[in-house]
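Protein chains in written order, with my numbering: chain A, 279 to 937; chain B, 279 to 937. Ideal Cβ positions, reconstructed from N, Cα and C, are used throughout, including at glycine.
2 protein chains.
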Amino acid sequence: MTDTLGSSYKDMANAIRALSMDAVQQAKSGHPGMPMGMADVATVLWARHLKFDPAAPAWADRDRFILSAGHGSMLLYSLLHLTGFEDMTIEQIKNFRQLGSITAGHPEFGHTPGVEATTGPLGQGISMAVGMALAERMLNAKYGEDLVDHRTWVIASDGDLQEGVSHEAISLAGHLKLNRLCVFWDDNEISIDGPTHVSESTDVVKRFDAAGWETLRVDGHDHEAIDAAIEKARLSDKPVMIACRTTIGYGAPTKAGTAGSHGAPLGEEEIAGAREALGWPHAPFEIPDEIYQAWRATGSPEVHDAWRDRLASTDRADELVAQLSGEPDETALTALREWRMKVAAEKPKLASRAASGKTLEAILPSWPGLVGGSADLTGSNLTKTSHGGVVSAEDYAGPYIHFGVREHGMAAAANGMALHGGLRPYVATFLVFADYCRGSMRLSSLMEQPVVYVLTHDSIGLGEDGPTHQPVETLASLRAIPNMQVFRPCDALETAEAWEMALVRTDGPSVLALSRQGLPVLREDDGAVNLSKQGAYILRDCDGEPDAVIVATGSEVLLGVEAAEALGEQGRKVRVVSAPCLDVFAAQDEAYKAEVLPQGVPVIGVEAALQFGWDSLLGRSVRFVGMTGFGASAPAGDLYKHFEITTDAVIAAVNAELA
Amino acid sequence: MTDTLGSSYKDMANAIRALSMDAVQQAKSGHPGMPMGMADVATVLWARHLKFDPAAPAWADRDRFILSAGHGSMLLYSLLHLTGFEDMTIEQIKNFRQLGSITAGHPEFGHTPGVEATTGPLGQGISMAVGMALAERMLNAKYGEDLVDHRTWVIASDGDLQEGVSHEAISLAGHLKLNRLCVFWDDNEISIDGPTHVSESTDVVKRFDAAGWETLRVDGHDHEAIDAAIEKARLSDKPVMIACRTTIGYGAPTKAGTAGSHGAPLGEEEIAGAREALGWPHAPFEIPDEIYQAWRATGSPEVHDAWRDRLASTDRADELVAQLSGEPDETALTALREWRMKVAAEKPKLASRAASGKTLEAILPSWPGLVGGSADLTGSNLTKTSHGGVVSAEDYAGPYIHFGVREHGMAAAANGMALHGGLRPYVATFLVFADYCRGSMRLSSLMEQPVVYVLTHDSIGLGEDGPTHQPVETLASLRAIPNMQVFRPCDALETAEAWEMALVRTDGPSVLALSRQGLPVLREDDGAVNLSKQGAYILRDCDGEPDAVIVATGSEVLLGVEAAEALGEQGRKVRVVSAPCLDVFAAQDEAYKAEVLPQGVPVIGVEAALQFGWDSLLGRSVRFVGMTGFGASAPAGDLYKHFEITTDAVIAAVNAELA
């Protein structure tokens with residue numbers, strides 16, 4: 279191995295190896311093999327190329343480093359410690375994988391400064407990185423290279439590349455020529471089940487070629503070759519994949535190059551052998567001062583200073599800082615309120631997907647950074663406005679993105695855009711295909727990223743496309759995700775309110791479940807107050823204490839209103855509660871819940887979906903009018919009758935409850 | 279266009295076009311463009327190559343035809359009608375997309391004879407086809423080519439190939455050299471959002487090359503070229519992809535070649551123009567006799583007869599027929615019962631994943647066709663037995679399959695294997711990664727296929743890997759799927775019972791949610807009767823009417839037992855109900871449910887997951903001890919204490935309820 283970059287790189291890399299194998303050993307669990315294998319690549323990248331400032335982990339124009347192979351978390355924690363990220367002390371390294379440490383088993387965004395994304399579920403990191411690289415180009419198109427000019431670097435494993443989501447991400451990145459993206463493939467020829475050839479024969483380099491990437495190959499332990507490849511990557515007009523042939527567990531005397539070094543401590547004896555083989559005589563968690571000094575000399579604080587100077591000297595500083603904050607300003611809040619009141623005044627009968635499209639049309643110009651797209655269902659999801667253009671390799675300004683039929687890659691990219699900062703992404707497909715992007719939706723929730731999922735065709739109301747396209751369990755499955763707010767508005771006004779709540783929210787994702795079919799405006803107020811804010815509210819009340827309360831969502835609120843009217847004529851006192859967001863209602867205090875749903879008064883739930891989860895969210899046993907299994911293919915009206923989700927069925931349910 | 283195959287092919291293809299555009303027009307919804315574009319390819323395939331017998335849609339050795347682009351369902355329905363599948367009458371065609379017809383919006387397996395798989399969710403068809411082609415090779419390895427020797431043909435769209443699951447399926451098929459698989463890519467350069475170039479720049483042919491496929495290109499309207507390509511494909515030793523350059527909506531005067539012909543009726547005027555352009559003067563739904571005759575002359579009844587003769591003359595007929603039935607025989611049932619009783623006698627303390635592995639080890643030889651694998655977590659899922667070998671391109675006998683890190687493709691392939699018949703697939707990953715394969719799991723349920731999902735590491739009990747790997751909402755999200763039975767056994771005996779129920783079941787999929795951590799055997803009976811059959815049962819009872827009932831699942835049943843014992847010493851009468859399958863319990867009659875959970879007696883639920891769904895499934899308001907959000911990274915014992923899922927917490931919950 280030639281190494282004209284000086285022997286310090288070898289020692290710097292060995293510091294990563296030692297910290298990794300020792301921390302895993304101490305934790306009695308973890309993955310030493312990958313950090314030991316990729317230590318050389320990471321050293322050259324961080325020491326010579328990565329633009330970062332340990333004193334400012336959130337500096338907007340920093341390069342992003344994504345450890346897609348998140349199980350190798352000790353690689354990242356070692357780098358953060360060695361380069362001097364303040365919170366990443368040696369004590370944290372010693373407490374790897376222990377309760378309360380910032381050194382969790384897999385890197386967790388928000389938990390550990392310097393961790394750019396939560397990774398571990400394979401394929402997510404590389405796919406979020408595509409979103410980050412796209413966000414950089416979109417913001418660069420707006421603010422110019424003086425203010426936005428950084429790169430996204432990824433370490434990806436064989437497993438990352440086997441995952442389907444990687445295909446979606448890679449093809450999107452190739453299509454958009456995201457040349458600020460560079461992926462290091464840890465080509466170590468080892469998977470958990472053994473050599474990769476037990477399950478894989480793909481020519482990975484050719485695969486990236488086919489997707490429009492520039493591809494390079496290097497010896498992943500040759501510092502000079504790695505450096506040269508990165509230099510070349512920086513000049514590419516395409517995204518770059520560098521295949522790094524490495525030895526997993528590099529240095530371990532018997533386990534290197536085997537699955538045995540992948541996911542378990544090496545053991546004391548093997549570690550002693552590795553120390554010898556690597557020429558690393560230091561005790562566990564001891565790093566010689568000169569190695570610390572070499573590492574602490576990396577980073578780009580002076581580049582950060584220069585950026586701050588440029589920011590200070592531009593008249594766009596306030597605009598950029600405000601956009602990066604993600605918080606709405608007064609203009610945005612006013613636009614939202616005015617739109618609500620306009621809808622309340624005009625009462626348009628619209629499918630909620632159409633109401634959503636009109637809401638976007640009305641508010642998008644007031645929300646700098648509001649960008650989005652659809653997984654090839656633009657005309658169905660109604661997510662494209664007349665404002666601005668479509669993102670392409672020739673012009674990244676956007677704000678609209680044709681994601682192609684790539685639901686999972688789209689959701690992951692949205693996470694990446696949200697994590698990057700400066701953009702507020704919304705992404706769209708049919709509600710039932712939330713199943714295709716659930717891996718990424720879960721991460722939106724876990725990472726507390728305010729991605730807006732616009733999911734239309736929300737029930738059997740979509741009609742003829744049949745059970746493959748009709749969600750019945752999907753609302754439940756999404757409501758079950760912690761920190762995911764699922765909205766199902768009943769009319770154009772609630773749709774506007776849901777959009778407002780999804781956009782004002784900064785600590786987690788929202789789903790807007792929207793109808794294909796037209797819905798009349800049921801609300802009679804002027805729209806000045808967002809009534810959806812408590813998740814559910816009294817839409818139509820009876821005189822005095824109700825005999826029963828109908829709680830309904832979305833397109834079925836109309837059935838509840840009609841049923842209550844008919845029941846009123848029969849002398850029943852029935853209240854109608856519209857529940858655009860059951861999750862938000864479940865989080866209200868008991869007093870409000872009791873005000874809406876008085877104790878002892880029976881509750882009838884109505885939703886063209888399964889009952890599953892309703893009782894838990896309402897904290898009550900519910901008699902339910904809805905679906906009991908999969909749907910069918912027929913015109914929507916026929917299906918509602920066939921599955922007995924009708925005004926008459928609601929009336930019958932109330933009467934049965936009161937009998 | 280040269281056409282030495284005779285002008286009848288042109289007319290035969292036009293019959294498909296006419297039926298498709300007319301049926302969509304009559305239904306006022308649907309997708310005429312794809313059937314019109316791929317009519318020529320389908321005609322050559324069905325008329326000259328596909329091995330099928332309209333009189334026997336379920337003939338075991340037929341070729342499989344999978345319309346992955348399921349939105350083009352009229353292509354398939356037209357073919358079934360024209361070739362003479364009895365149920366597919368012209369009346370059914372006229373009733374396309376209407377309630378009660380067998381011509382649903384998307385093809386539905388089990389609903390329509392001749393439909394081999396439910397398709398429409400993109401990417402699923404091609405991925406199921408990989409499972410079918412693999413099943414054919416595995417059964418061929420056992421029974422030889424006299425009995426098992428057929429091909430799987432797929433029509434896939436641009437959208438199918440954009441989906442990530444297609445990457446997993448294609449790379450697996452290439453790795454296993456499934457040369458009986460042939461995919462026709464409908465390369466029509468049109469997506470819903472417009473020309474494919476708005477979102478796609480991949481060199482698709484190179485992509486398949488990279489995955490180890492043979493690739494060909496043809497003019498998809500040139501019958502001779504199509505025929506020659508198929509002839510070539512039949513000789514390949516690799517799976518084959520034929521890129522068919524077609525014109526979507528072929529024949530439509532203004533909409534052909536545009537997104538306008540994709541997903542909506544063409545309109546009367548356009549249809550009249552198409553009739554003229556195609557030279558098809560016949561009225562809607564009228565097919566001239568000579569065209570019917572030409573179509574009815576296709577198919578392979580004589581090949582079917584010959585196969586029946588070979589089957590009759592082999593001494594393996596009974597074995598094959600029994601294996602194809604999917605029903606367990608006496609040997610299998612005895613093996614299951616004996617294994618249960620052995621476990622009951624020996625009471626091994628095992629993680630339920632380990633108990634699952636031992637169950638498989640014990641019963642696999644008694645279940646011909648029981649095959650399975652893991653998404654690169656074999657040593658964690660414990661799914662590999664000592665019986666037989668590993669499937670490879672050199673030897674397909676199996677029964678074990680290294681699926682690689684391809685959860686979605688694995689689940690889709692399992693659907694394909696189950697649909698194919700003769701194999702009973704089980705597939706494995708971590709429970710939390712059910713999110714990655716949910717698109718296919720939903721189809722298992724919808725198609726009523728008895729796939730067994732072995733999902734280990736089922737809670738925070740997995741410990742240090744942290745929240746990305748800890749399911750909290752996953753059980754709820756799976757229980758929400760209609761017809762999905764989710765088991766969470768509490769010990770080795772319940773694990774054996776769950777396996778029995780999953781295998782004996784023939785009308786839908788099962789999930790086995792299994793622990794990483796060791797669990798003592800709590801059952802005290804001899805295992806002769808499968809107590810899990812009713813989903814939940816009284817595991818420990820008190821004397822007389824209980825003050826409270828603790829219902830628990832999996833690893834938390836032990837907490838319930840310990841709590842009940844402690845409470846008993848305090849004078850509380852507490853019953854413990856083990857609920858290995860809440861879905862099955864929910865389906866019991868009210869009498870049994872009231873016997874287990876007496877009315878008026880409070881219920882305390884215990885599960886290291888969210889409460890979501892428990893109240894609906896038990897039909898009761900439940901006080902819950904479990905998770906309220908995402909997990910954390912730490913040793914399992916620390917996490918149980920941190921999240922207060924302990925015996926003391928259960929005791930406190932019972933006392934609070936009774937206070």
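Close-in-space but distant-in-sequence residues of the same chain around residue i (CB under 7 Å, 5 per side omitted)
i	result
residue 550 of chain B	none
residue 470 of chain A	537, 540 and 541
residue 472 of chain A	537
residue 782 of chain B	606
residue 846 of chain A	820 and 852
residue 340 of chain B	329, 330, 331 and 428
Residues of its chain near residue i, where Cβ-Cβ distance is below 6 Å and the 5 sequence neighbours each way are ignored
i	result
residue 848 of chain B	none
residue 296 of chain B	558
residue 280 of chain B	With a pLDDT of 40 at residue 280 of chain B, under the threshold of 50, the modelled position of that residue is not reliable, and the figure given next carries that caveat. Counting only Cβ-Cβ distances below 6 Å, and skipping sequence neighbours, we find 502.
residue 312 of chain A	347 and 350
residue 674 of chain B	415, 416 and 419
residue 700 of chain B	417, 601, 602 and 647
residue 437 of chain B	400
residue 287 of chain B	321 and 501
residue 411 of chain B	430, 456, 458 and 459
residue 744 of chain B	911
Whole-angstrom C-beta distance between residue j and residue i, which should lie under 8 Å
i	j	result
residue 546 of chain A	residue 532 of chain A	Not a contact, Cβ separation roughly 13 Å.
residue 406 of chain A	residue 651 of chain A	16 Å between Cβ atoms; not a contact.
residue 358 of chain A	residue 294 of chain A	Not really, about 11 Å apart at Cβ, beyond 8 Å.
residue 322 of chain B	residue 508 of chain B	7 Å
residue 687 of chain B	residue 446 of chain B	3 Å
residue 523 of chain A	residue 465 of chain A	5 Å
residue 740 of chain A	residue 914 of chain A	7 Å
Own chain, CB closer than 8 Å to residue i, minus 5 neighbours either side, in chain order
i	result
residue 799 of chain A	621, 622, 625, 626, 627, 769, 770 and 771
### Query
Which runs of the alpha helix (DSSP H) fall wholly inside the region 579-656 of chain B and span at least 4 residues, in chain order?
Runs of the alpha helix (DSSP H) inside the region 579-656 of chain B: 579-591, 595-603, 608-624 and 630-641.
### Task
Below 8 Å between beta carbons is the criterion; list the residues of the region 728-753 of chain A that meet it against any residue of chain B, in chain order.
Cβ contacts with chain B come from 741, 742, 743, 744, 745, 746, 747, 750 and 751.
#### Entry: Selection of the region 616-640 of chain B by Cβ proximity to chain A, strictly under 8 Å
Taking 8 Å as the Cβ-Cβ cut-off, the region 616-640 of chain B has no residue approaching chain A.
### Message
Taking beta-carbon pairs under 9 Å, can you tell me which members of the region 536-548 of chain B lie near chain A?
### Response
For the region 536-548 of chain B, the residues whose beta carbon sits under 9 Å from a beta carbon of chain A are, in order, 537 and 541.
### Task
Output, in sequence order along the chain, the residues in the region 876-893 of chain B whose CB is closer than 8 Å to any CB in chain A.
Listed by position along the chain: 888, 889, 890, 891, 892 and 893.
#### Entry: Length at least 4, wholly inside the region 490-549 of chain A: the alpha helix (DSSP H) runs in chain order
The region 490-549 of chain A contains these whole alpha helix (DSSP H) runs: 501-512.
### Task
Determine which residues of the region 697-718 of chain A have a Cβ less than 8 Å from any Cβ of chain B, and write them out in chain order.
Of all residues in the region 697-718 of chain A, those with a C-beta nearer than 8 Å to a C-beta of chain B are 710, 711, 713, 714, 716 and 717, reading in chain order.
### Query
Does the count of Cβ pairs from the region 903-911 of chain A and the region 871-890 of chain A closer than 8 Å reach three?
The region 903-911 of chain A vs the region 871-890 of chain A: in contact.
### Task
Can you give me, in chain order, the residues of the region 758-774 of chain B that have a beta carbon less than 8 Å from any beta carbon in chain A?
Listed in sequence order: 758, 759, 760 and 761.
### Contact set between the region 466-484 of chain A and chain B, restricted to residues whose Cβ is under 9 Å from the partner
Against chain B - using a Cβ distance shorter than 9 Å - the residues of the region 466-484 of chain A are 469, 470, 471, 472, 474, 475, 476, 477, 478, 479, 480, 481, 482, 483 and 484.
### Query
Going along the chain, which residues of the region 904-915 of chain A sit with their C-beta nearer than 9 Å to a C-beta in chain B?
Those would be 905, 906, 907, 908, 910, 911, 912 and 913, in chain order.
### Residues, ordered as in the chain, of the region 286-320 of chain B that lie near chain A by beta-carbon distance below 9 Å
Of all residues in the region 286-320 of chain B, 305, 306, 307 and 308 have a Cβ within less than 9 Å of some Cβ in chain A.
### Task
Could you list the residues in the region 325-350 of chain B with a C-beta less than 9 Å from some C-beta on chain A, going in chain order?
Residues of the region 325-350 of chain B with a C-beta less than 9 Å from any C-beta of chain A: 348 and 349, listed in chain order.
### Task
Check whether the region 743-762 of chain B touches the region 416-428 of chain B, counting contact only when three or more Cβ pairs, one atom from each stretch, lie closer than 8 Å.
The region 743-762 of chain B, when compared against the region 416-428 of chain B, does not touch it at the 8 Å Cβ threshold.
### Task
Count the CB pairs spanning the region 769-783 of chain A and the region 616-636 of chain A that are closer than 8 Å, and state whether there are at least three.
Flag = yes, the region 769-783 of chain A and the region 616-636 of chain A touch.
### Task
May I ask you to verify whether the region 782-791 of chain B touches the region 813-824 of chain B, counting CB pairs closer than 8 Å and requiring at least 3?
By the Cβ criterion, the region 782-791 of chain B is not in contact with the region 813-824 of chain B, since fewer than three pairs of Cβ atoms, one from each stretch, lie closer than 8 Å.
### Message
Tell me whether the region 714-734 of chain B and the region 761-769 of chain B touch, counting them as touching only if at least three CB pairs, one residue from each stretch, are closer than 8 Å.
### Response
The region 714-734 of chain B is in contact with the region 761-769 of chain B.
### Query
Just by C-beta distance, which residues in the region 395-426 of chain A are closer than 7 Å to chain B?
Listed by position, the residues of the region 395-426 of chain A near chain B (Cβ gap below 7 Å) are 396, 398, 399 and 400.
### Task
Anything in the region 483-511 of chain B with a Cβ closer than 7 Å to a Cβ of chain A? List those residues in chain order, please.
Contact residues of the region 483-511 of chain B toward chain A are 484, 485, 487, 488, 489 and 490 (C-beta to C-beta distance below 7 Å).
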